[in-house]
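Take a look at the structure below.
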Amino acid sequence: MKKISTIILSLAVSGVAAANDYMSIEDVTNHVMMDASSRSSLFANDLPATLNVGGFLQTRYSYSSGSDTAANYGFSVPRARIILSGSVYNWNYKVSGQWSEGSDFSLKDAWASSDFESVNFKFGQFKTPFMKEVLVSQTDILGIERSVVSSTFGQGRSQGVQLSHDFGPLTASAAYSDGFDTANGAGVQNGYAATGRLDWDVFDWFNLGAAISYNQQAVTYWTWTADAGVPVGDLTLDGAYVSAEYDNGRQWGTTAQLGYHITEELQPYVEYQYGELDTTSEQLSIITGGFNYFFNANVKLGADFGYALNGIAAGWNTGETGWNVSTSSGEYLARVQLQLEF
Numbered sequence: 043m044k045k046i047s048t049i050i051l052s053l054a055v056s057g058v059a060a061a062n063d064y065m066s067i068e069d070v071t072n073h074v075m076m077d078a079s080s081r082s083s084l085f086a087n088d089l090p091a092t093l094n095v096g097g098f099l100q101t102r103y104s105y106s107s108g109s110d111t112a113a114n115y116g117f118s119v120p121r122a123r124i125i126l127s128g129s130v131y132n133w134n135y136k137v138s139g140q141w142s143e144g145s146d147f148s149l150k151d152a153w154a155s156s157d158f159e160s161v162n163f164k165f166g167q168f169k170t171p172f173m174k175e176v177l178v179s180q181t182d183i184l185g186i187e188r189s190v191v192s193s194t195f196g197q198g199r200s201q202g203v204q205l206s207h208d209f210g211p212l213t214a215s216a217a218y219s220d221g222f223d224t225a226n227g228a229g230v231q232n233g234y235a236a237t238g239r240l241d242w243d244v245f246d247w248f249n250l251g252a253a254i255s256y257n258q259q260a261v262t263y264w265t266w267t268a269d270a271g272v273p274v275g276d277l278t279l280d281g282a283y284v285s286a287e288y289d290n291g292r293q294w295g296t297t298a299q300l301g302y303h304i305t306e307e308l309q310p311y312v313e314y315q316y317g318e319l320d321t322t323s324e325q326l327s328i329i330t331g332g333f334n335y336f337f338n339a340n341v342k343l344g345a346d347f348g349y350a351l352n353g354i355a356a357g358w359n360t361g362e363t364g365w366n367v368s369t370s371s372g373e374y375l376a377r378v379q380l381q382l383e384f
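With the first letter of the sequence shown counted as 1, position 229 gets the number 271 in the numbering used here; the numbers rise by one all the way through.
What follows is the structure, given as structure tokens:
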């Protein structure tokens, strides 16, 4: 933006002088901005590099209480993300960073990829190919926030390399990385993970996916997941199962989501998640109902209400969900969120 403003100012000054003040600074600015509005890149079309600037902002109000938890409520900005993407010659790239609660800024994506024959090669920091719910962009998930199940078992981002190939209806991906949800830095003591995923578009209205990963970090474990989706017209139905096999036991979780566009703008939905940890006898059981209202392609309002049918044990990673640790059923969570993409 600073670069664009400098260009505008320079053009304005020179243009006014050359035209004997026939064109005002406002006129020049309008002409330049009109030209810029027709472009999706800051570089000319004949240059080997492109840069696209985007991002999104989420503002949320949440209220939680019930069971043995104290009332917790207030506004927050869970995500304010800047995304830079584009291409350099035959390489695509993406770099993104995010301000989160507490005003911390963290690197999210930092990767480049290119096609060699029929194989795509990616390197850097990215989401490894495991749980589908995590692979879906934060702005495109059905609910306000991802599930507690995916926060606990999901892959997050990691640093490594990935190969993928599109066989038409079948896509295969394999990655070698520092492990699930790992920190960035040469001096960080990360482990390693080998992860593979298959996605199969069986029909236009039915898709299947499965993935497996071996992780050696603070502990060593195998984990696998399977998912299915039924997108039929205005109806969206998704289900997933994930399991982690540790030396001392097995932990698992499952999710189901159903959404339907009543109108082009209004989409009510319902979600259910269930899971078990080997460290507690209290099973995770949460049901949530809500709706999305799309003002346009870039602005979305969401609201939901969730109820915990059992206590939420300390072993579950509640992440940014707003849920709290509790020992019995009865905890509830209400959320309203406004999301803007740019």
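Where is the CB? At the ideal position from N, CA and C, for every residue including glycine. Every value quoted in this text rests on a predicted model; they were computed, and no experiment measured them.
At the 9 Å Cβ level, is residue i part of the contact set with chain D, yes or no?
i	result
Pro273	Structure shown: chain D not included; a single protein chain is present.
Given residue i, which residues of its chain have a CB within under 7 Å of its CB, disregarding the five upstream and five downstream residues?
i	result
Gly108	Gly372, Glu373 and Tyr374
Pro120	Gln100, Arg102, Ser142, Glu143 and Glu362
Asn124	The question names Asn, but residue 124 is Ile in the sequence shown. Closer than 7 Å at the Cβ level, and outside the excluded window around Ile124, lie Gly97, Ser138 and Gly139.
Tyr263	Asn257, Ala286, Glu287 and Tyr288
Leu380	Thr101 and Leu343
Val261	Tyr288
Trp266	Ala253, Ile254 and Ser285
Val274	Trp247
Exposed or buried, what is residue i when buried is set at 16 or more other beta-carbons lying within 10 Å of its beta-carbon?
i	result
Ala339	exposed
Glu187	buried
Ser179	exposed
Gly210	exposed
Trp365	buried
Ala113	exposed
Ile304	exposed
Pro90	exposed
Ser255	buried
Asp276	exposed
Trp247	exposed
Ser145	exposed
Val244	exposed
Ser160	exposed
Leu212	exposed
Ser148	exposed
Asp241	buried
Check each candidate in the options and name the one with the smallest Cα separation from residue i.
i	options	result
Pro310	Ala345, Ser104 and Leu382	Ala345
Phe98	Gln140, Ser118, Ser219 and Trp133	Gln140
Ala122	Gly96, Thr111 and Tyr115	Gly96
Tyr335	Val378, Ser323 and Leu351	Val378
Ser200	Ser118, Trp153, Ser285 and Phe117	Trp153
Asn249	Ala217, Lys174 and Ala235	Lys174
Asn226	Gly238, Gly202 and Arg239	Gly202
Phe168	Asp157, Lys136, Gly185 and Asp182	Lys136
Glu313	Ser192, Gly332 and Val161	Gly332
Gly238	Ala217, Asp157 and Val191	Ala217
Asn223	Ile329, His207, Glu306 and Ser192	The question names Asn, but residue 223 in the sequence shown is Asp. For the residues Ile329, His207, Glu306 and Ser192, the minimum Cα distance to Asp223 belongs to Ser192.
Thr452	Ala350, Asn359 and Phe384	As displayed, the chain neither begins before 43 nor continues past 384, which places residue 452 out of reach and without an answer.
Arg292	Thr322, Asn132, Ser206 and Leu126	Thr322
Lys150	Gly166, Asn162 and Phe158	Gly166
Ser215	Ala235, Phe384, Asn162 and Asn290	Asn162
Ser219	Leu308, His207, Ala235 and Asp110	Ala235
Can you name, in chain order, every residue of its own chain whose Cβ lies under 6 Å from the Cβ of residue i, other than the five neighbours on each side?
i	result
Thr278	Gly301
Tyr105	Tyr115 and Ala376
Ala268	Ala252 and Tyr283
Asp280	Gly271 and Gln299
Asn352	Glu324, Gln325, Ser327 and Ser371
Gly233	Gly221, Gln258 and Gln259
Ile382	Per the sequence shown, the amino acid found at residue 382 is Leu instead of Ile. So the qualifying residues of the chain are Leu99 and Val341.
Lys164	Trp153, Ser155 and Gln204
Val367	Ile354 and Ala356
Gly128	Thr92, Leu93 and Asn94
Val130	Ala91
Phe117	Tyr103
Leu308	Tyr335
Please return the same chain residues whose Cβ sits closer than 8 Å to the Cβ of residue i, not counting the five positions on each side in sequence.
i	result
Phe27	The question about residue 27 has no answer here: the residues shown for the chain are numbered 43 through 384.
Asn134	Ser127, Gly128, Ala154, Ser155 and Ser156
Asn359	Val190, Ser193 and Thr194
Gly185	Gln299, Tyr311, Glu313, Thr330, Gly332, Gly344 and Asp346
Asn132	Ser156 and Asp157
Val176	Lys169, Arg188, Ser192, Gly196, Gln197 and Gly198
Asn290	Asp320
Asp110	Ser368, Thr369 and Ser370
Phe337	Glu307 and Leu343
- Item | Sufficient close CB pairs (3 or more, under 8 Å) joining the region 316-324 to the region 284-303 | Short answer: they touch.
- Query: Which runs of the beta strand (DSSP E) fall wholly inside the region 282-317 and span at least 3 residues, in chain order?
  - Reply: Listed in chain order, the complete beta strand (DSSP E) runs (minimum 3 residues) inside the region 282-317 are 291-302.
- Residue ranges of each beta strand (DSSP E) run of no fewer than 3 residues wholly in the region 141-187, ordered along the chain? List check, beta strand (DSSP E) in window: 147-158 and 161-169.
- Hey, which unbroken runs of the beta strand (DSSP E) at 3 residues or more fall wholly within the region 205-272? DSSP runs (the beta strand (DSSP E)) wholly in the region 205-272: 212-219, 234-245 and 248-258.
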